[in-house]
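See structure below.
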Amino acid sequence: MLLLCILTVSSLCRADDPQRVLIDSISALSFAEGLYTKGRRERPRPQLECVGGSAEKGGEHPHLVRCVNRGRPSSGRDIQWECEALMDKNVYIDYIVVHCEGFSGPTDKFIVRDSCYLEYKLEFGQGRSAGGMTTVDSREQRHKGNSEHFFMTRVLLPLGLVVAIACLFNVRRFVSGSRQRAAVPVI
Numbered sequence: 001m002l003l004l005c006i007l008t009v010s011s012l013c014r015a016d017d018p019q020r021v022l023i024d025s026i027s028a029l030s031f032a033e034g035l036y037t038k039g040r041r042e043r044p045r046p047q048l049e050c051v052g053g054s055a056e057k058g059g060e061h062p063h064l065v066r067c068v069n070r071g072r073p074s075s076g077r078d079i080q081w082e083c084e085a086l087m088d089k090n091v092y093i094d095y096i097v098v099h100c101e102g103f104s105g106p107t108d109k110f111i112v113r114d115s116c117y118l119e120y121k122l123e124f125g126q127g128r129s130a131g132g133m134t135t136v137d138s139r140e141q142r143h144k145g146n147s148e149h150f151f152m153t154r155v156l157l158p159l160g161l162v163v164a165i166a167c168l169f170n171v172r173r174f175v176s177g178s179r180q181r182a183a184v185p186v187i
């Protein structure tokens with residue numbers, strides 16, 4: 001059990017993992033119709049997901065959306081993304097949320113490479129388009145992660161390590177105590 005815990009911790013702490021990317025270091029993301037995300041715990045999902053809007057059923061959806069990292073606001077919360085897509089002049093993207101799977105859990109500042117996807121709402125009208133190009137700013141950006149995995153790695157694993165270490169000390173004390181008792185002559 002201890003060996004399993006050590007191997008798990010060492011694999012989580014690897015800084016050189018090519019699948020682990022600092023979200024702040026990403027300058028731009030591209031999302032394409034027909035392509036799927038990759039993840040450690042999450043199932044693959046489309047990179048582009050329409051989640052509503054008046055044109056959700058009848059509008060022409062974007063084939064490619066490019067989002068540029070505009071940094072964090074002064075509050076330091078989530079990264080602000082500015083996204084552009086070549087669209088039919090009668091529809092526009094009104095709302096976006098960039099989701100990425102946190103590498104170790106939902107609040108990790110590192111994400112899993114190629115795990116990001118874009119949720120958007122599609123509306124009829126002109127919106128903020130110019131010559132068919134729609135630009136929209138993100139309202140928020142979220143890390144998604146399996147809360148069960150987060151609980152396992154952030155709560156149960158450290159607790160398991162503490163229990164394993166305590167057991168080792170108790171075994172050591174028991175063994176050294178039995179040796180001392182055996183050395184005492186019986187009269």
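Numbering-wise, the UniProt record's numbering puts 35 at position 35 of the sequence shown, and it's gapless, one number per residue.
Every residue gets a Cβ at the ideal spot worked out from N, C-alpha and C, and that includes glycine.
Quantities reported herein were computed from a predicted structural model and do not represent experimental measurements.
How would you write the range of the beta strand (DSSP E) that residue i sits in, first residue to last?
i    : result
C50  : 48-50
H99  : 91-101
A32  : 28-32
C83  : 81-86
R66  : 64-69
Y120 : 117-124
R20  : 20-22
For residue i, count neighbouring C-beta atoms within 10 Å of its own C-beta (all shown protein chains included) and say buried if the count is 16 or more, exposed if not.
i    : result
P62  : buried
S115 : buried
Q126 : exposed
Y36  : exposed
G58  : exposed
A85  : buried
E101 : buried
E148 : Annotation note: pLDDT 43 at E148 (below 50); position unreliable, coordinate value reported separately. Its Cβ having fewer than 16 others within 10 Å, E148 is exposed.
I6   : Because I6 sits at a pLDDT of 47, beneath the cut-off of 50, its placement in the model cannot be relied upon, and the point is left open.
Closer than 7 Å by C-beta to residue i: which residues in its own chain qualify, once you throw out the five before and the five after it? Chain order, please.
i    : result
L22  : K109, F110
F124 : S54, A55, G59, N90, V91
Check each candidate in the options and name the one with the smallest Cα separation from residue i.
i    : options               : result
G71  : G125, E119, I26       : I26
S54  : P46, N90, R20         : N90
I96  : G105, E82, S104       : E82
R77  : V112, T107, C67, E119 : T107
L48  : S104, H99, R113, V112 : H99
Y117 : D17, R45, P18         : R45
D24  : I79, C50, D17         : I79
Using C-beta distances below 6 Å, list every residue in its chain close to residue i, excluding the 5 sequence neighbours before and after it, in chain order.
i   : result
G52 : K121
V68 : A28, E82
Q19 : V112, R113
G39 : E101, V112, S115
Considering only residues of the same chain and omitting the five flanking positions on each side of residue i, which have a CB-CB separation below 8 Å?
i           : result
residue 239 : Here the chain has residues from 1 to 187 only, and residue 239 is not among them.
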